[in-house]
Structures are given as structure tokens and as C-alpha cells.
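Residue numbers (the working numbering): 68 to 413. What follows is a short report on a single structure.
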Ligand SMILES: [Fe+2]
Ligand SMILES: [Fe+2]
């Protein structure tokens, strides 16, 4: 979610806008904005003269919007008790003097935000940018050259582990959501979920890294699937399904053509759509033929796909997605689903 900044002077607000945009998406509007079809917001900052009629009308209309429950912070240009009473009467939750440094205002905004609303922490955002750049490079290389540089995979692992350690999984997922490329988003989400999972079940560092590396490349074959198919709304016809399912073997071939791919990565890329009852693809593996690392990854992959918002579907709520996974007990490892449920709550 973004922070909404209402300003009656964009030039004056520029330093604040830039400071906010270092940590979160920030939508900027004027006090004469029409409120219809606005995106959800995590917090509202009002950088205006509160005594202006247009500002009063704007905030009244904002208060009438049932979808806005975020806290509102005002930048006060007058410190008289009358001015502050006016601000509070307009529905502001807090005021901060105009001479306050932008980074302090940003900190105040962060304090006003419900953590679940997804304010982005600067270090998590930097980690996300590094990891997204590396994954973007991976997909580009896989799509154009048919092989990848494994160093780019390693370059993604540390930022993900650091972001999770510093800011937790929820913040990582929210930060990733700010990126616009669905396939990279998905890989980074699955990698974050896998890392959380691995932490929760006490994987040693080397195993956790193997799982995160495998998660980062699991859908690499999609770099060779037509974009129209990846974004298609509605179900795929049988021919399209064959092409889409080939991302597993395409990804495997890409890794095979790249030097230094480890066995866990090859296994994960080829088999992450295999299911315990043998109904998966591409090899129809069942039971013990599916390794633990693939079983873990498959669960993170399904959970992530269900809870992602795509152009063709809304996001499912986390508990609903876990319930779906519990309902797949013949297909995915039930004890790993329980472990993921606990890992998400940790
Ligand atoms: Fe996949
Ligand atoms: Fe996937």
C-alpha cells in the first residue's frame, strides 16, 4: 500500500515526497482531487494550509470514504491553539511542525502505520532492489541466451536473507509487491517464503541457502513461455497448457546448459509441479521419488501463487490459502503444510 500525500504546493513538498519515496510508494494529490477510484492507502500526510476551504472540503470528503481507515498526519504551518483545533476538527490524527526534517516526518508516518499495511523499510527496499535486479538478469539471460550465470543466483540470496532477518517475512512480501514484474515478484516471494520456512524448521545455513537458490530459479523456464500465455485471463486450452507446463523442462534445460547448477536446483526446477499422488508433471513422480526440498518448495510455490494478486485474479487471504493446502493432503506433504502455517505465524 502507498502513502497518500495531499499538498497545496508540490514544489514545497518535494523534499518530503522524495524522503517518503525512499521507503514507500507515495501517491501525491492536490486538495481538489476527486476521490473516486483511488488506490488503498497505508497513511495520509496533509501538507497544506488547513484553514483553506478547499483543504477542509478535501479532508471532509476523505473522511467520508469508508475504505480509508489510515491515520492522517498533518504538517502544521501555524502553531496557534486555534489552528491546531481546526486541524483536529478536520480529522487529523496528529500534527507535526513544518520545520521538522523530512526524515523525521517519514519516521512519524511509519509510526502511524499498521505494520500489516505494508510500509516499506529502506533497508528491505534496498535488499528487494538488489534481489530483483539479479532475478531480472537471470530471466533475461535465460530467455535470450538459454543459460544463466549462477553468480546472479548467489547475488540474490544474501539480500533476501538479510531482509528477512531485519524486517521479517511480511515486510519482505509487501516490499516485493511494489515491483511490477509478476514473474520476478513470484520468484522473490517464493524465495522469501522458503527462507522463512527453512529458518522455522531449523535448517542449517547451507541447506537454507540451497532451498532459497532453488526457489529463485524454480520458474526460470517461464522466461521462454510467451508473455501472452503467462498473463492470460481465464483457463488455458489443452495446447496452451502443454506450453505452460513445459516451463519445468525448459528451466531444467537452461540450468543444464549453465555451469555449476547444483542437484537441488535441477531437481527443484524440473519437479516443483510433481505431486505425491503422481498427478503432477512433467515426470509423474509420486511418493518417495519426490525429494524433501522439492516438497517444501512446492508448498511455498502453491501458497505464493494463491496469495498473489495477478491481472487475471485477486489475491487469496493467507488462511484461505493454507486451508486449500490442507485440502491437498494426498498431493502435498501435510506436515510441511502445518510447518508453513506455523512459520507464517512466527
Ligand atoms: Fe512453476
Ligand atoms: Fe512458481
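From the three backbone atoms N, C-alpha and C, an ideal C-beta is built for every residue, glycine too.
Distance cut-off 8 Å: residue i Cβ against heavy atoms of ligand 1
{"i": "residue 286", "result": "yes"}
{"i": "residue 316", "result": "no"}
{"i": "residue 339", "result": "yes"}
{"i": "residue 368", "result": "yes"}
{"i": "residue 289", "result": "yes"}
Chain-order list of residues whose beta-carbon lies under 7 Å from that of residue i (same chain, five-residue window excluded)
{"i": "residue 131", "result": "none"}
{"i": "residue 123", "result": "157"}
Heavy atom of ligand 2 within 8 Å of residue i beta-carbon
{"i": "residue 334", "result": "no"}
{"i": "residue 372", "result": "yes"}
{"i": "residue 279", "result": "no"}
{"i": "residue 267", "result": "no"}
{"i": "residue 257", "result": "yes"}
{"i": "residue 207", "result": "no"}
{"i": "residue 170", "result": "no"}
{"i": "residue 67", "result": "In the structure as shown, the chain begins at 68 and stops at 413. Residue 67 is therefore absent and cannot be evaluated."}
{"i": "residue 253", "result": "yes"}
Among the options, nearest to residue i - alpha-carbon criterion
{"i": "residue 224", "options": "390, 242 and 255", "result": "255"}
{"i": "residue 317", "options": "289, 379 and 380", "result": "289"}
{"i": "residue 86", "options": "177, 319 and 138", "result": "177"}
{"i": "residue 376", "options": "240, 312 and 323", "result": "240"}
{"i": "residue 90", "options": "277, 99, 117 and 192", "result": "192"}
{"i": "residue 395", "options": "355, 344, 332 and 364", "result": "344"}
{"i": "residue 78", "options": "278, 115 and 110", "result": "115"}
{"i": "residue 92", "options": "80, 110 and 368", "result": "110"}
{"i": "residue 268", "options": "128, 402 and 346", "result": "402"}
{"i": "residue 363", "options": "229, 277 and 112", "result": "277"}
{"i": "residue 433", "options": "321, 125, 197 and 305", "result": "Here the chain has residues from 68 to 413 only, and residue 433 is not among them."}
{"i": "residue 324", "options": "129, 217, 197 and 150", "result": "217"}
Cβ separation of residue i and residue j, assumed to be a contact under 8 Å, to the nearest whole Å
{"i": "residue 285", "j": "residue 209", "result": "Between residue 209 and residue 285 the Cβ distance is about 12 Å, and since that is not below 8 Å, they are no contact."}
{"i": "residue 366", "j": "residue 404", "result": "6 Å"}
{"i": "residue 215", "j": "residue 287", "result": "7 Å"}
{"i": "residue 96", "j": "residue 73", "result": "6 Å"}
{"i": "residue 251", "j": "residue 199", "result": "6 Å"}
Short Cβ contact (9 Å threshold) for residue i with residue j
{"i": "residue 390", "j": "residue 370", "result": "no"}
{"i": "residue 257", "j": "residue 180", "result": "no"}
{"i": "residue 173", "j": "residue 83", "result": "yes"}
{"i": "residue 397", "j": "residue 384", "result": "no"}
{"i": "residue 203", "j": "residue 233", "result": "no"}
{"i": "residue 262", "j": "residue 227", "result": "yes"}
{"i": "residue 293", "j": "residue 315", "result": "no"}
{"i": "residue 231", "j": "residue 259", "result": "yes"}
{"i": "residue 312", "j": "residue 338", "result": "no"}
{"i": "residue 410", "j": "residue 266", "result": "yes"}
{"i": "residue 264", "j": "residue 407", "result": "yes"}
{"i": "residue 253", "j": "residue 128", "result": "no"}
{"i": "residue 303", "j": "residue 220", "result": "no"}
{"i": "residue 280", "j": "residue 329", "result": "yes"}
{"i": "residue 126", "j": "residue 151", "result": "no"}
Own chain partners of residue i with C-beta closer than 8 Å, once the 5 adjacent residues on each side are dropped
{"i": "residue 146", "result": "164"}
{"i": "residue 154", "result": "117, 141, 143 and 162"}
{"i": "residue 121", "result": "75, 98 and 99"}
{"i": "residue 333", "result": "319, 322 and 323"}
Cutoff 6 Å; reference residue i; Cβ partners in own chain excluding five residues on either side
{"i": "residue 206", "result": "290"}
{"i": "residue 161", "result": "140"}
{"i": "residue 222", "result": "201"}
{"i": "residue 307", "result": "296"}
{"i": "residue 169", "result": "82, 83 and 86"}
{"i": "residue 242", "result": "187, 191, 192 and 195"}
{"i": "residue 379", "result": "300"}
{"i": "residue 368", "result": "257 and 339"}
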